[in-house]
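Read through the structure below, which is laid out as structure tokens, and then see the notes.
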Amino acid sequence: MSMPVRCDATPQWPLLRAHFEAAGRDLDLRQAFAGDTQRFAHFSQPAPHVFADLSKNLWDRQAEALLLDMARACGLEQRRDAMFVGQPVNCTEGRAVLHTLLRRPAGLALPGDLPFVAPALEQVHATLDAMLDHADAVRADDGITDVVNIGIGGSDLGPHMAVLALDAYRAPGKRFHFVSNIDGHELHGVLRGLRPERTLFLVASKTFTTIETMTNARSALAWFADQGGRDVARHFTALTVNVEAARALGITRTFGFWDWVGGRYSLWSAIGLPLAIAIGSAGFRGLLAGAHAMDEHFRTAPLAQNLPVRLALLDLWYRNFHGFTSRCLAPYHAGLARLPAYLQQLEMESNGKRVDLAGRPLPMATSPVLWGEPGSNGQHAFFQMLHQGSDVLPLEIVAVRQCAHPLPGHHEMLLANALAQTQALMVGRASEDGHRHFPGNRPSSFLLLDALTPASLGALIALQEHRVFASGSLWGINSFDQWGVELGKVLACDLQQRLASGDLSGLDASTAGLLSRLRG
Ligand code: F6P
Numbered sequence: 002m003s004m005p006v007r008c009d010a011t012p013q014w015p016l017l018r019a020h021f022e023a024a025g026r027d028l029d030l031r032q033a034f035a036g037d038t039q040r041f042a043h044f045s046q047p048a049p050h051v052f053a054d055l056s057k058n059l060w061d062r063q064a065e066a067l068l069l070d071m072a073r074a075c076g077l078e079q080r081r082d083a084m085f086v087g088q089p090v091n092c093t094e095g096r097a098v099l100h101t102l103l104r105r106p107a108g109l110a111l112p113g114d115l116p117f118v119a120p121a122l123e124q125v126h127a128t129l130d131a132m133l134d135h136a137d138a139v140r141a142d143d144g145i146t147d148v149v150n151i152g153i154g155g156s157d158l159g160p161h162m163a164v165l166a167l168d169a170y171r172a173p174g175k176r177f178h179f180v181s182n183i184d185g186h187e188l189h190g191v192l193r194g195l196r197p198e199r200t201l202f203l204v205a206s207k208t209f210t211t212i213e214t215m216t217n218a219r220s221a222l223a224w225f226a227d228q229g230g231r232d233v234a235r236h237f238t239a240l241t242v243n244v245e246a247a248r249a250l251g252i253t254r255t256f257g258f259w260d261w262v263g264g265r266y267s268l269w270s271a272i273g274l275p276l277a278i279a280i281g282s283a284g285f286r287g288l289l290a291g292a293h294a295m296d297e298h299f300r301t302a303p304l305a306q307n308l309p310v311r312l313a314l315l316d317l318w319y320r321n322f323h324g325f326t327s328r329c330l331a332p333y334h335a336g337l338a339r340l341p342a343y344l345q346q347l348e349m350e351s352n353g354k355r356v357d358l359a360g361r362p363l364p365m366a367t368s369p370v371l372w373g374e375p376g377s378n379g380q381h382a383f384f385q386m387l388h389q390g391s392d393v394l395p396l397e398i399v400a401v402r403q404c405a406h407p408l409p410g411h412h413e414m415l416l417a418n419a420l421a422q423t424q425a426l427m428v429g430r431a432s433e434d435g436h437r438h439f440p441g442n443r444p445s446s447f448l449l450l451d452a453l454t455p456a457s458l459g460a461l462i463a464l465q466e467h468r469v470f471a472s473g474s475l476w477g478i479n480s481f482d483q484w485g486v487e488l489g490k491v492l493a494c495d496l497q498q499r500l501a502s503g504d505l506s507g508l509d510a511s512t513a514g515l516l517s518r519l520r521g
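The opening position of the sequence shown corresponds to residue 2 in our numbering, with each subsequent residue numbered one higher.
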């Protein structure tokens, strides 16, 4: 596979710099709308299940045209196609990246012809069918009232976020708990309210070596035995690539997946079992269908009408030209409360990199800091800074047109607030009194779903996955490894032993001082 061209090596890069200096840095959104009656139409983009308004952003048509040319010069389309056909685009681990295969309908012709992909799709569907049969059986089993997912990172964030988001579809009479932290307070707090004969533990770990998950799983097994629990086979299930390790722990019921599924892209695999139990097989298939529709949009829509690509171009424009360091995500739906946490891993673990595919240090910035809270709450906390702070912090709103509750008035008020924020950020309000002055011209994007359904959630997540991949491709980085999490894991093992022994030899003064205090 040839090395893609990095954005800063394209002929468009200096042109973008020149355009930014001439017309980008000082772009005024109010004037831009006044001067272009078609601005909303041009910068809005329908995609499967998601409508996006990108018009209240600090760019113009010329910037976008240059960015699109730059993406073509980078070979974005070729890199996208390489991912979809199963080439080893995760070059530092020598792996294909095929989470899109997990949502590909059986029998649909494959986009490429690499020999391992067709059998892989068959395995995907055989595993999916078995997992969904099991999910429906658990769903119908009144003996199980509590489902506890034990997993961390990609083995927690996706199912946790999605179970909350799709609460309207949740099986009545079932409670879902998510234990991720190695901090025993979390597991202890959950176990306190459980009865072993009514509980199903799902031990979710791609590698089945992650220290947090292994520790929590062992403690859950010990608790189960202590409480007189019988039949581990009924009450524990493992979701993992490493089936042997699960068996070695005594867990015989397993659902597997494959090393070409990255942890943060694994909601669509067996890792989605808690969600499948919550919303049933039909719901889970709906989630996959929505994601597949977005996959097809990303794979086939021209770059200029391709929503993940347009979002990635905006991200790059903001990070590398405007120099904005973060993006605030405000979902205007209480069910999407965990979406910022989920997208933090997706974006920052994927694109928080400082070297390119060849390992060379990058001269430009990559992933922004992603952060946020549900919109209505955020308004009464940090939105002050969005409106009047010294930094420009682009806001991304996710709103849902229809609600799934009967309470009159609430939803209209919620949507009005979402709209009011984007309007206020842009138009501002002049005042002689500096404290009361709103400068306006602050950027925001608006993503709108018709309703929060399994399909629309699937499409929304796939949109974000492809956006992250597209921006990572333009920066020339590998969005699919995460070497940066390794060093801390190694040092923690060493320090755990030193906490027990008190050995301070060779430690820096700060670590030694803190370790002594921690030992008491
Ligand atoms: O430490 C980071 C990480 O490897 C993530 O990428 C992953 O989602 C998480 O740990 C959990 O890994 P596993 O599913 O193997 O337990």
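Just so it is clear, CB atoms sit at the ideal spot from N, CA and C, and this is done for glycine as well.
Are residue i and residue j closer than 7 Å when you measure CB to CB?
i	j	result
residue 206	residue 159	no
residue 522	residue 276	Because the chain here runs from 2 to 521, residue 522 falls outside it and cannot be looked at.
residue 368	residue 348	yes
residue 421	residue 261	no
residue 308	residue 46	yes
residue 468	residue 350	no
residue 254	residue 234	yes
residue 195	residue 147	yes
residue 582	residue 371	In the structure as shown, the chain begins at 2 and stops at 521. Residue 582 is therefore absent and cannot be evaluated.
residue 289	residue 140	no
residue 474	residue 77	yes
Is it buried or exposed, residue i, if we count other Cβ atoms within 10 angstroms and call 16 or more buried?
i	result
residue 1	Nothing about residue 1 can be reported from this structure: the residues present for the chain run from 2 to 521 only.
residue 336	buried
residue 41	exposed
residue 427	buried
residue 57	buried
residue 446	buried
residue 332	buried
residue 75	buried
residue 117	exposed
residue 71	buried
Could you check the C-alpha separation between residue i and residue j for me, to the nearest Å?
i	j	result
residue 170	residue 200	20 Å
residue 478	residue 358	5 Å
residue 221	residue 385	43 Å
residue 389	residue 329	15 Å
residue 14	residue 360	21 Å
residue 85	residue 7	20 Å
residue 293	residue 183	35 Å
residue 95	residue 481	11 Å
residue 156	residue 217	13 Å
residue 149	residue 102	27 Å
residue 326	residue 429	22 Å
residue 269	residue 424	36 Å
residue 224	residue 407	41 Å
residue 129	residue 274	10 Å
residue 509	residue 492	13 Å
residue 286	residue 168	16 Å
residue 143	residue 366	52 Å
residue 501	residue 516	10 Å
residue 53	residue 398	10 Å
residue 229	residue 176	21 Å
residue 232	residue 247	16 Å
residue 464	residue 267	15 Å
residue 188	residue 210	18 Å
Pick from the options: whose alpha carbon is nearest that of residue i?
i	options	result
residue 21	49, 60 and 47	60
residue 284	225, 296 and 455	455
residue 417	394, 431, 400 and 407	400
residue 161	272, 489 and 142	272
residue 123	372, 108 and 113	108
residue 472	196, 231 and 319	319
residue 379	105, 410, 364 and 334	334
residue 340	519, 374, 438 and 362	374
residue 135	53, 212, 281 and 125	281
residue 312	396, 243 and 251	396
residue 17	506, 323 and 228	323
residue 352	250, 470 and 74	470
residue 438	391, 304, 70 and 303	391
residue 64	24, 87, 89 and 37	24
residue 215	181, 236, 189 and 197	181
residue 112	252, 291 and 88	88
residue 338	263, 72 and 165	165
residue 172	137, 279 and 133	279
residue 450	443, 444 and 462	462
Would the C-beta of residue i count as close to the ligand COA, meaning under 6 Å from any of its heavy atoms?
i	result
residue 445	Ligands present in the displayed structure are limited to the ligand F6P, and the ligand COA is not among them.
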